[in-house]
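Peer 1: Residue numbers (the working numbering), protein chains in the order written: chain A, 1 to 261; chain B, 1 to 291.
Glycine is no exception: its CB is placed at the ideal position from the N, C-alpha and C atoms.
Since this is a predicted model, take the numbers as computed values, not measurements.
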Amino acid sequence: MNAHVETAALHGRTPDPGEEVLAFRGAGKVFPDGTEAVRDVSFSLRRGEFLSVVGPSGCGKSTLLRMASGLGPHTSGEVVRHVDNLGYVFQDATLLPWRTVRRNVELLAELEGLSRDERRAVAQEAISLVGLSGFENHYPKALSGGMRMRVSLARSLTTKPPLFLFDEPFGALDEITRGTLNEELMRLFDSEQFGAIFITHSINEAVYLASRVLVMSPRPGWIVAGFDVPFPYPRSPELRFDPAFAQLAGEVSQALRKSHQ
Amino acid sequence: MSNEALSGREETLDPVVRDRVSRQSGVLPRAKHLLWTLLPPLVFFGLFVGFLYLVSYVFLTPERQFLLPPPHEVVDSGLLNGRNLREQLDALWDTTQVAAIGLAIAFAIGSLLAILMSQAKWIERSLYPYAVIVQVTPILAIVPLIALWFGYDIQARVVVCVLISVFPIITNTLFGLLTVDSNLHDLLTLHRAGRLKRLFKLQLPNAVPGIFIGLRVSAGLSVIGAIVGEFFFRQGTPGLGRLLDLYRARLQSDLLMSTLLFCCLLGIAVFTIVGFVGRMLTRSWFEESGR
């Protein structure tokens with residue numbers, strides 16, 4: 001655990017839905033070489049809240065996630081995380097190529113010291129949650145990009161984290177796979193009720209998934225606008241064709257464009 | 001380094017061949033493919049043997065023919081004569097043992113050093129220059145020291161083997177240990193994994209393909225080391241190197257050539273076995289990127 005991130009005491013218990021899991025209070029980050037990546041970011045994230053962050057390339061979105069996880073500590077302000085156990089999903093699937101799907105999904109349980117049988121059980125559950133039953137003994141090289149990403153999702157689900165950080169997980173996938181995975185993620189969010197920060201380039205994806213969308217400016221990244229997304233969960237794919245959806249996406253797009261000027 | 005050249009060539013050919021096989025299924029194309037892999041080297045072999053005969057019978061006067069005996073005489077006295085064959089096979093066994101022990105020790109030392117170096121930049125900085133020094137110093141220059149410390153027996157020859165073959169293992173293992181995806185390291189950091197877990201769950205498995213690339217180069221080198229070592233250290237049972245020197249002294253060029261053949265065979269065998277084991281261990285998951 002990183003010393004710079006205050007992990008507020010919850011007496012070892014997992015926060016209930018609706019409770020705060022993460023808070024940024026005027027948090028900023030300046031790299032040792034003097035580059036200011038993120039400036040004065042404040043927000044609060046509760047369990048059961050889905051926060052999308054959109055912004056131009058290089059605006060410090062990934063840095064924001066690293067600050068939230070403690071991997072790349074902030075240099076000013078405050079980051080308070082109420083949970084130890086968080087799921088981190090990277091841009092790439094980041095699998096171990098020498099392990100089968102099952103053994104990849106077992107990795108975190110293994111690090112936590114679970115017994116063989118327990119590992120098997122949690123891995124099996126997560127694998128079926130992401131719809132990969134039947135592929136347990138495949139190696140990553142035999143899987144498509146979308147399936148690898150599902151394995152990555154399954155792996156992070158095994159620890160049942162109340163906080164999920166997604167760093168543009170579907171950016172490298174084709175439109176159709178991306179859409180399917182959006183719906184699956186939506187379903188998982190609706191059933192597990194974790195708190196999520198989801199970094200993306202796609203406004204459409206951001207609005208579709210999120211209960212709140214934050215728009216970041218180019219470097220140094222700061223929050224230029226925030227939008228509440230009123231559509232109830234679970235959302236159906238048809239929502240994307242709803243005029244209200246289009247209107248909101250348009251507003252986000254406008255805010256994003258304004259941040260460039 | 002001839003071994004690296006060999007491995008490079010083998011690897012550029014392989015995927016193309018595999019591709020061709022997978023595209024054309026069935027027995028007939030497979031036989032055709034086999035023919036096409038075997039035919040060129042066989043034709044070349046025939047031409048080479050013909051050239052040897054040409055030199056032996058046409059270019060050399062009979063009294064100078066001992067410089068290059070015709071191939072059938074090499075086979076006759078080197079491989080079909082029981083006493084000579086026995087002598088060479090014994091030597092082959094001796095050299096094989098020295099090379100194998102040397103390679104095993106080089107593997108143990110090399111991978112341990114690589115693991116050590118992978119743990120901290122300062123350790124790598126402190127040790128790596130000496131690994132390079134061991135690599136670039138001519139064995140000939142250290143022979144007197146080795147003789148002083150280890151005598152002239154098999155130990156000294158094993159030491160030569162280790163010195164000559166340890167470097168590729170160090171570099172290739174280290175490369176594998178240090179090229180783990182940084183996101184995976186982050187993932188382990190998030191789950192509070194220590195150095196040992198990092199080493200065993202990420203770094204070592206990641207290094208396996210590299211280790212075998214290093215081992216394959218080192219395997220060839222260890223055979224060279226075992227043979228070269230014998231030119232300096234002549235106590236104990238004779239190996240191929242001493243036999244070569246003996247036949248040279250006696251001007252028995254037919255036996256010299258057949259012994260040379262055994263040297264090549266040993267090198268190729270060790271190289272092939274290590275390559276095979278490596279492929280077996282990694283083929284289920286390891287993806288060579290295309291060309």
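Out of B/117, B/269, B/266 and B/145, point me to the one whose CA is closest to residue 169 of chain B's CA.
Peer 2: Here residue 169 of chain B refers to the residue found at position 169 when the second sequence is read from its first residue. Closest option to residue 169 of chain B, Cα to Cα, is B/117.
Peer 1: Could you check the C-alpha separation between residue 145 of chain A and residue 173 of chain A for me, to the nearest Å?
Peer 2: The residue you call residue 145 of chain A lines up with position 145 of the first sequence. The residue you call residue 173 of chain A lines up with position 173 of the first sequence. About 7 angstroms.
Peer 1: 9 angstroms is my cut-off, CB to CB: does residue 191 of chain A come that close to chain B?
Peer 2: For the purposes of this step, residue 191 of chain A is identified with residue 191 of the first sequence, where counting begins at 1. Closer than 9 angstroms: no.
Peer 1: By a C-beta neighbour count over all protein chains shown, 10 Å radius and 16 as the cutoff for buried, is residue 260 of chain A buried or exposed?
Peer 2: Reading the first sequence from its first residue, position 260 is the one you call residue 260 of chain A. Answer is exposed; the Cβ neighbour count stays below 16.
Peer 1: Does residue 110 of chain A come within less than 9 angstroms of chain B when only Cβ atoms are used?
Peer 2: For the purposes of this step, residue 110 of chain A is taken as the residue at position 110 of the first sequence. It does; some Cβ of chain B falls within 9 angstroms.
Peer 1: List the residues of chain A that residue 284 of chain B touches, going by C-beta distances under 7 angstroms, in chain order.
Peer 2: Your numbering for residue 284 of chain B matches position 284 in the second sequence. 139, listed in chain order.
Peer 1: Any idea which residues DSSP pairs residue 28 of chain A with across the strands?
Peer 2: Locating residue 28 of chain A in the first sequence gives position 28, where the first residue counts as 1. Beta-bridge pairing links residue 28 of chain A to A/76.
Peer 1: List, in order along the chain, the chain B residues whose C-beta lies closer than 9 angstroms to that of residue 62 of chain A?
Peer 2: Start at 1 with the first residue of the first sequence, and residue 62 of chain A comes out as number 62. Within chain B, no residue comes near residue 62 of chain A; the closest Cβ sits about 11 angstroms away, beyond 9 angstroms.
Peer 1: Rounded to a whole number of angstroms, what is the C-alpha to C-alpha distance between residue 227 of chain B and residue 239 of chain B?
Peer 2: Taking the first residue of the second sequence as 1, we reach residue 227 of chain B at position 227. Taking the first residue of the second sequence as 1, we reach residue 239 of chain B at position 239. Their Cα atoms are separated by approximately 7 angstroms.
Peer 1: If we count Cβ pairs, one from each stretch, closer than 8 angstroms, do we get three or more for the region 60–70 of chain A versus the region 97–110 of chain A?
Peer 2: Cβ pair count under 8 angstroms is below three, so no.
Peer 1: What did DSSP end up calling residue 39 of chain A once you bin it into helix, strand or coil?
Peer 2: The sequence position of residue 39 of chain A within the first sequence is 39, counting from 1. Of the three classes helix, strand and coil, the one that applies to residue 39 of chain A here is strand, per DSSP.
Peer 1: Can you list, in chain order, the residues of its chain whose CB lies under 6 angstroms from that of residue 146 of chain B, leaving out five sequence neighbours each side?
Peer 2: Position 146 of the second sequence holds residue 146 of chain B. The answer, listed in chain order, is 156 and 159.
Peer 1: Let me check one thing: in DSSP terms, what residues is residue 51 of chain A bridge-paired to?
Peer 2: What you label residue 51 of chain A is simply residue 51 of the first sequence in a count that begins at 1. Answer is A/197 and A/212, bridged to residue 51 of chain A.
Peer 1: List the residues of chain A whose Cβ lies closer than 7 angstroms to the Cβ of residue 183 of chain B, in chain order.
Peer 2: Against the second sequence, residue 183 of chain B aligns to sequence position 183. The answer, in chain order, is 90, 92 and 94.
Peer 1: How would you call residue 264 of chain B, buried or exposed, if buried means at least 16 neighbouring beta carbons within 10 angstroms?
Peer 2: Here residue 264 of chain B is taken as the residue at index 264 of the second sequence, counted from 1. Exposed is the call here.
Peer 1: Please report how far the alpha carbon of residue 194 of chain A lies from the alpha carbon of residue 185 of chain A, in whole angstroms.
Peer 2: To locate residue 194 of chain A, count along the first sequence from 1; it is residue 194. To locate residue 185 of chain A, count along the first sequence from 1; it is residue 185. Residue 194 of chain A and residue 185 of chain A: Cα-Cα distance of roughly 11 angstroms.
Peer 1: Quick one: grab the DSSP three-state call for residue 252 of chain A.
Peer 2: Taking the first residue of the first sequence as 1, we reach residue 252 of chain A at position 252. Correct three-state label for residue 252 of chain A: helix.
Peer 1: Any residues in the region 116–136 of chain B with a beta carbon nearer than 8 angstroms to a beta carbon of chain A? Which ones, in chain order?
Peer 2: If the cut-off is 8 angstroms between Cβ atoms, the region 116–136 of chain B has nothing near chain A.
Peer 1: Would you decide whether residue 222 of chain A is buried or exposed? Buried here means 16 or more other CB atoms lie within 10 Å of its CB.
Peer 2: Here residue 222 of chain A is taken as the residue at index 222 of the first sequence, counted from 1. Result: buried.
Peer 1: May I ask which residues mark the beginning and end of the beta strand (DSSP E) holding residue 165 of chain A?
Peer 2: Locating residue 165 of chain A in the first sequence gives position 165, where the first residue counts as 1. That run of the beta strand (DSSP E) goes 163–167.
Peer 1: Figure out for me which residue from B/211, B/36 and B/149 has the closest Cα to the Cα of residue 167 of chain B.
Peer 2: Numbered from its first residue, the second sequence carries residue 167 of chain B at position 167. Per the Cα distances, B/211.
Peer 1: Using only the alpha-carbon positions, how far apart do residue 270 of chain B and residue 276 of chain B sit?
Peer 2: Taking the second sequence and counting its residues from 1, one reaches residue 270 of chain B at position 270. Taking the second sequence and counting its residues from 1, one reaches residue 276 of chain B at position 276. Approximately 10 angstroms between the Cα atoms of the pair.
Peer 1: For residue 233 of chain A, list the residues DSSP reports as bridge partners.
Peer 2: Here residue 233 of chain A corresponds to residue number 233 of the first sequence, with the count starting at 1. None; residue 233 of chain A has no bridge partner.
Peer 1: Measuring alpha carbon to alpha carbon, tell me which of B/49, B/60 and B/268 ends up nearest residue 219 of chain B.
Peer 2: Along the second sequence, read from residue 1 onward, the residue named residue 219 of chain B stands at position 219. Looking at the Cα atoms, B/268 is the closest of the given residues.
Peer 1: Tell me the rounded alpha-carbon separation between residue 154 of chain A and residue 94 of chain B.
Peer 2: Taking the first sequence and counting its residues from 1, one reaches residue 154 of chain A at position 154. Taking the second sequence and counting its residues from 1, one reaches residue 94 of chain B at position 94. Residue 154 of chain A and residue 94 of chain B: Cα-Cα distance of roughly 55 angstroms.
Peer 1: Of the residues that make up the region 50–76 of chain A, which ones have a beta carbon closer than 7 angstroms to any beta carbon in chain B?
Peer 2: The region 50–76 of chain A vs chain B, Cβ under 7 angstroms: 69 and 71.
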